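In my numbering, the protein residues as written are 11 to 130.
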């Protein structure tokens, strides 16, 4: 499976997982000139910017390790642009990460709330 299809499958699974956990999905693959956010959702009154990382095996490391300082800066800039564009200045916001590892063909999820702070 190519990287784009694997990413889409991971995001599809993450959305189902997040909905079951009580998240309201607002946007998927939100893009602007600053970059892209996989999922934007609302949970308990907070605006949540979510990065999804999936791996078929640990050969290339734990999925969490794929979120570099550069990626955090890009996500932060995109989130701030979304907040500015939509006038959501007073809304609480955070960054969550959903990791998916396929073990025996079955997805194993990890949800990391407040995974990192805004990065400049």
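Here a beta-carbon is modelled for each residue, glycine too, at the ideal position from N, C-alpha and C.
Since the model is a prediction, treat every value here as computed from it, not as a measurement.
Span separating the alpha-carbon of residue 64 from that of residue 109: Along the chain shown, one-based indexing puts residue 64 at 54. Along the chain shown, one-based indexing puts residue 109 at 99. The alpha-carbon atoms of residue 64 and residue 109 are separated by roughly 6 Å.
Closest by C-alpha distance to residue 20, when choosing among 106, 130, 119: On the chain shown, position 10 is the one that residue 20 refers to. Checked all of 106, 130, 119; the closest Cα to residue 20 is 119.
Find out if the Cβ-Cβ distance for the pair residue 43, residue 91 is shorter than 9 Å. The count along the chain shown starts at 1 and reaches residue 43 at position 33. The count along the chain shown starts at 1 and reaches residue 91 at position 81. In contact: residue 43 and residue 91 (Cβ atoms closer than 9 Å).
To the nearest angstrom, report how far apart residue 52 and residue 95 are at their CA atoms. Here residue 52 refers to the residue found at position 42 of the chain shown. Here residue 95 refers to the residue found at position 85 of the chain shown. The straight-line gap from Cα to Cα measures roughly 17 Å.
Quick check: what's the CA-CA separation for residue 59 versus residue 113? By one-based count along the chain shown, residue 59 stands at place 49. By one-based count along the chain shown, residue 113 stands at place 103. If you take the alpha carbons of residue 59 and residue 113, they lie about 26 Å apart.
Please report the Cβ distance between residue 49 and residue 28, rounded to the nearest whole angstrom; I am assuming they are in contact, meaning their Cβ atoms lie under 8 Å. Here the question's residue 49 lines up with position 39 in the chain shown. Here the question's residue 28 lines up with position 18 in the chain shown. Contact holds; Cβ gap of about 7 Å.
If we ignore side chains and look at the alpha-carbon of each, how far apart do residue 38 and residue 117 end up? Here residue 38 is taken as the residue at index 28 of the chain shown, counted from 1. Here residue 117 is taken as the residue at index 107 of the chain shown, counted from 1. Each residue's Cα considered, the two are about 20 Å apart.
Since residue 35 is in the beta strand (DSSP E), which residue starts that stretch and which ends it? Along the chain shown, one-based indexing puts residue 35 at 25. Start and end: 34-42.
Are the Cβ atoms of residue 98 and residue 47 separated by less than 9 Å? Stepping through the chain shown from its first residue, residue 98 is reached at position 88. Stepping through the chain shown from its first residue, residue 47 is reached at position 37. Going by C-beta atoms, residue 98 is not nearer than 9 Å to residue 47.
With C-beta atoms as the reference, is residue 103 less than 9 Å away from residue 57? Position 93 of the chain shown holds residue 103. Position 47 of the chain shown holds residue 57. In contact: residue 103 and residue 57 (Cβ atoms closer than 9 Å).
On the DSSP bridge assignment, give the partners of residue 63 in chain order. Walking along the chain shown from the start, residue 63 turns up at place 53. Paired residue(s): 109.
Could you tell me how far apart the beta carbons of residue 106 and residue 82 are, in whole angstroms, since I believe they sit closer than 8 Å? Here the question's residue 106 lines up with position 96 in the chain shown. Here the question's residue 82 lines up with position 72 in the chain shown. No, residue 106 and residue 82 are not in contact; Cβ-Cβ is about 13 Å, not under 8 Å.
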